[in-house]
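Asks: First the structure, which I've put down as structure tokens, then a few questions once you've had a look.
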Amino acid sequence: MAIQFTVHKEIAASPDRVFGVLKDLEAARKWMPNLVGIEKLSPGRFGVGTKWRETRRMFGRDASELFEVTGLEPNKSLELYVDGTQGSSKRGHYRFRYQLEPVGGKTALTMVAEIGGMGFLLELFGRLMLGSFKKAITSDLDAMASYLEGSKKA
8 MAIQFTVHKE
18 IAASPDRVFG
28 VLKDLEAARK
38 WMPNLVGIEK
48 LSPGRFGVGT
58 KWRETRRMFG
68 RDASELFEVT
78 GLEPNKSLEL
88 YVDGTQGSSK
98 RGHYRFRYQL
108 EPVGGKTALT
118 MVAEIGGMGF
128 LLELFGRLML
138 GSFKKAITSD
148 LDAMASYLEG
158 SKKA
């Protein structure tokens, strides 16, 4: 049974700028907390099918996960799939959908996450850790907002 949660963030930047930062893998180094590195695995422009390996420091250790873009509507939505079997956890799958809506010169960003395929005990534990998952995502979105709101070029 998958775990689902939603995080909302209003960002003082246009959907075009927010979307630009979401898809700019190199820019992530400038704002993403605990990022160790990103390795782009597919050639060409960012779009459906783009894959990368993202490594972050979590709980004092480096953890890597394989990301793939599964849906994209410029300046409106971005869908990502993480195959946990190809990453540090060696299990599960994660889906993230970012929805961007213009609101008076700002962007209302909604991120919906779904975590599944972890096995009964880990999913039960995950439900207990739901607050920590949401806190980590909120921290990421807060950092991205600070980067966008403090940068004219982002």
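So the mapping is simple: this note's numbering equals the position in the sequence shown, first residue as 1, plus 7. We put the beta carbon where it would ideally sit given N, CA and C, even for glycine.
Would you check if there are 3 or more beta carbon pairs closer than 8 Å linking the region 41 to 48 to the region 93 to 103?
Replies: They do not touch, by the three-pair rule.
Asks: Assuming Val186 and Leu148 form a contact by the criterion Cβ under 8 Å, report the distance between their Cβ atoms to the nearest whole angstrom.
Replies: One cannot answer for residue 186 here, as it falls past the ends of the chain, which runs 8 to 161.
Asks: Chain B beta carbons: is any one of them nearer than 8 Å to that of Val28?
Replies: No chain B appears in the structure shown, which is made up of a single protein chain.
Asks: Under the assumption that Ala120 contacts Phe12 (Cβ atoms under 8 Å), give the Cβ distance between them as a whole number of angstroms.
Replies: In the sequence shown, residue 120 corresponds to position 113, counting from 1. In the sequence shown, residue 12 corresponds to position 5, counting from 1. At roughly 5 Å, the Cβ-Cβ gap stays under 8 Å, so Ala120 and Phe12 are in contact.
Asks: Among Ala143, Phe74, Gly51, which has the Cα closest to the Cα of Glu61?
Replies: The count along the sequence shown starts at 1 and reaches residue 61 at position 54. Nearest option by C-alpha distance: Phe74.
Asks: What are the boundary residues of the beta strand (DSSP E) that includes Gly123?
Replies: Within the sequence shown, numbered from 1, the residue matching residue 123 stands at position 116. Start and end: 113 to 123.
Asks: Where do the ends of the beta strand (DSSP E) carrying Leu73 lie?
Replies: For this step, residue 73 is matched to residue 66 along the sequence shown. Note, Leu73: beta strand (DSSP E), 68 to 80.
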